[in-house]
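Right, one structure below, let's go through it.
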Amino acid sequence: MSFFHPAFVLMKKFAVILSGCGVYDGAEIQEAVLTLLAINKAGASYHCFAPDMLQFHVINHVSGKELPEKRNVLVESARIARGKIEPLSHFKAADFDGMIFPGGFGAAKNLCTWAISGNQCKVNPDVEAAVKSMFVEGKPIGAMCIAPVILAALFKGTVLTTGHDPASQSFIENMGNVYTIAGHGEVVIDKTRNLFTTPCYMLDASISQIALGTENIIRAMLKSMNSTG
Numbered sequence: 013m014s015f016f017h018p019a020f021v022l023m024k025k026f027a028v029i030l031s032g033c034g035v036y037d038g039a040e041i042q043e044a045v046l047t048l049l050a051i052n053k054a055g056a057s058y059h060c061f062a063p064d065m066l067q068f069h070v071i072n073h074v075s076g077k078e079l080p081e082k083r084n085v086l087v088e089s090a091r092i093a094r095g096k097i098e099p100l101s102h103f104k105a106a107d108f109d110g111m112i113f114p115g116g117f118g119a120a121k122n123l124c125t126w127a128i129s130g131n132q133c134k135v136n137p138d139v140e141a142a143v144k145s146m147f148v149e150g151k152p153i154g155a156m157c158i159a160p161v162i163l164a165a166l167f168k169g170t171v172l173t174t175g176h177d178p179a180s181q182s183f184i185e186n187m188g189n190v191y192t193i194a195g196h197g198e199v200v201i202d203k204t205r206n207l208f209t210t211p212c213y214m215l216d217a218s219i220s221q222i223a224l225g226t227e228n229i230i231r232a233m234l235k236s237m238n239s240t241g
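Here is the structure:
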């Protein structure tokens with residue numbers, strides 16, 4: 013007798029890549045949690061990863077001032093993942109059907125250096141390896157808020173959005189990509205490269221609009237997964 017129900021066999025699995033805990037120096041918490049919720053509500057599963065590294069700096073989220081302390085990206089990300097998280101260096105593309113990056117400035121400070129070095133942006137080696145391993149297998153990669161700058165730094169000729177933000181638009185275009193203006197809940201899809209982006213808090217947004225964006229990008233990525241088996 014088989015104990016495997018078809019629903020479990022077909023369940024798609026997302027790798028969620030976090031960049032710390034807090035919008036100004038890590039992952040945007042509402043985007044991250046709503047992404048996990050959207051994945052769960054869609055009948056898929058997820059596992060969280062983050063680089064095991066010191067974050068660029070630590071920001072007091074009340075005053076906005078930098079604090080004289082150091083924190084680890086993986087340890088801070090574990091707050092969001094309730095401890096169920098692995099170093100990104102452990103990631104294996106074969107284990108997942110899709111990958112998604114919530115936003116927050118950690119994506120632009122810890123996962124890459126766009127917020128610090130602009131057009132000389134460098135991507136964290138573990139991030140680059142994980143993204144490219146998914147890309148080689150043709151699996152969908154999603155990025156929300158400011159996280160699309162990571163994809164812009166790694167690829168050329170892609171179609172991406174951060175909503176309507178001149179600074180990131182300039183970078184995306186300078187890297188040889190195509191920028192698309194998008195509104196709340198809209199998902200820009202690069203069908204050729206299987207990349208999915210949505211603005212979230214790059215626009216002035218309510219939490220319900222963020223929920224719409226996360227649900228729509230997860231739904232679009234699942235549609236791509238199901239169309240390719």
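Numbering (the numbering used here), first residue to last: 13 to 241.
For glycine and all other residues, C-beta sits at the position ideal for the given N, C-alpha and C.
Note that the structure is predicted; figures quoted are calculated from it, not measured.
Query: The segment 150-166 in contact with the segment 105-123 per 3-pair CB rule at 8 Å; Result: yes
Query: Buried versus exposed, by CB contacts within 10 Å (16 or more), G175; Result: buried
Query: Contacts around V199, its chain only, beta-carbon distance under 8 Å, and the 5 residues preceding and following it disregarded; Result: F208, T209, T210, G225, N228, I229 and A232
Query: Contact set for G34: own chain, Cβ-Cβ below 6 Å, skip 5 residues either direction; Result: H73
Query: CA-to-CA distance, C212 to I222, given in whole angstroms; Result: 5 Å
Query: Rounded straight-line distance, which links the Cα of L86 to that of F147; Result: 23 Å
Query: Three CB pairs or more closer than 8 Å across the segment 61-68 and the segment 93-101; Result: yes
Query: For K53, the three-state DSSP class (helix, strand or coil); Result: helix
Query: Local Cβ density within 10 Å of S218, reported as buried at 16 or more and exposed below that; Result: exposed
Query: Alpha-carbon spacing of K53 relative to S89, whole angstroms; Result: 22 Å
Query: Nonlocal neighbours in the same chain, by C-beta distance under 8 Å from N186, ignoring five residues either side; Result: N131
Query: N84 versus I128 - alpha carbon distance; Result: 18 Å
Query: DSSP-derived helix/strand/coil call for C212; Result: helix
Query: M237, DSSP secondary structure in three states; Result: helix
Query: Whole-angstrom distance between T170 and I184, CA atom to CA atom; Result: 9 Å
Query: Reference G32; option with closest CA among V70, K25 and S180; Result: V70
Query: The beta strand (DSSP E) enclosing K25, as first and last residue numbers; Result: K25 to I29
Query: Three-state class that DSSP yields for R94 in the structure shown; Result: coil
Query: Buried or exposed by the 16-neighbour rule on C-beta atoms within 10 Å, applied to I112; Result: buried
Query: Integer-rounded CB distance, given that L172 should sit under 8 Å from A165; Result: Wrong, their Cβ atoms sit about 11 Å apart, outside the cutoff.
Query: N- and C-terminal bounds of the beta strand (DSSP E) containing M156; Result: I153 to M156
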